[in-house]
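Novice:
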Ligand SMILES: [Zn+2]
Ligand SMILES: [Zn+2]
Ligand SMILES: [Zn+2]
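In my numbering, the protein residues as written are 132 to 275.
1) Along the beta strand (DSSP E) that carries residue 263, what are the first and last residues, could you check?
2) Can you list, in chain order, the residues of its chain with a C-beta nearer than 6 Å to that of residue 133? Leave out the 5 residues immediately preceding and following it.
3) Label residue 154 either buried or exposed according to how many other C-beta atoms from any shown protein chain fall within 10 Å of its C-beta, with 16 as the threshold for buried.
4) Based on DSSP bridge pairs, tell me the residues matched to residue 249.
5) Does DSSP put residue 164 in a helix, a strand or coil?
6) From the DSSP output, in three-state form, read off residue 227 for me.
7) Would you call the segment 238–246 in contact with the segment 191–201, where contact means no fewer than 3 C-beta pairs closer than 8 Å?
8) Would you call the segment 252–267 and the segment 176–192 in contact, with 3 or more CB pairs under 8 Å?
So this is what it looks like as structure tokens:
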């Protein structure tokens with residue numbers, strides 16, 4: 132029998148380190164406007180000459196209702212699969228997803244955002260890699 136350990140909220144639980152936007156996986160960011168991940172804030176689709184980024188419509192900035200975390204599914208790239216210019220279905224290309232605090236790493240996908248066994252977004256956290264922590268009234272700990 133494997134013990135299920137309750138994960139504390141630690142950004143170090145997330146593998147992959149810093150994303151290309153310099154954001155750390157699992158990091159909670161506050162605010163409403165963020166540089167667009169798909170185009171790295173340039174407003175132009177990567178690997179294109181002058182195709183307007185469909186995510187930010189060329190603004191280079193996207194608006195989200197904070198707090199937000201880096202999208203675990205695409206690792207903040209905004210595209211999935213990588214290097215395809217296909218917008219990530221979880222964050223819709225923004226590379227960030229709104230969350231409701233307090234959060235904890237999704238135990239189902241271990242914070243990867245991907246369903247174990249396949250590459251679809253995790254059904255528990257919907258690809259965010261984090262879930263809203265349920266406040267336990269008694270703080271009871273399950274003992275297998
Ligand atoms: Zn963009
Ligand atoms: Zn994403
Ligand atoms: Zn999950």
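Beta carbons are placed, not taken as given, at the ideal position from N, Cα and C, and that holds for glycine. Keep in mind that this is a model prediction, so the values were computed, not measured.
Specialist: Walking through what the data contain:
1) Position 132 of the chain shown, counted from the first residue, corresponds to residue 263. 261–263 is the span of the beta strand (DSSP E), which, as asked, contains residue 263.
2) As a first step, residue 133 must be located in the chain shown, where it is residue number 2. With a pLDDT of only 48 at residue 133, under 50, the local geometry of the prediction cannot be trusted, and no value is derived from it.
3) Indexing the chain shown from 1 puts residue 154 at position 23. Buried.
4) What you label residue 249 is simply residue 118 of the chain shown in a count that begins at 1. Per DSSP, none; premise fails for residue 249.
5) If you number the chain shown from 1, residue 164 lands on position 33. Three-state DSSP puts residue 164 in a strand.
6) Within the chain shown, residue 227 is the residue found at index 96, counting from 1. It is a strand residue.
7) Flag = no, the segment 238–246 and the segment 191–201 do not touch.
8) No, they do not touch.
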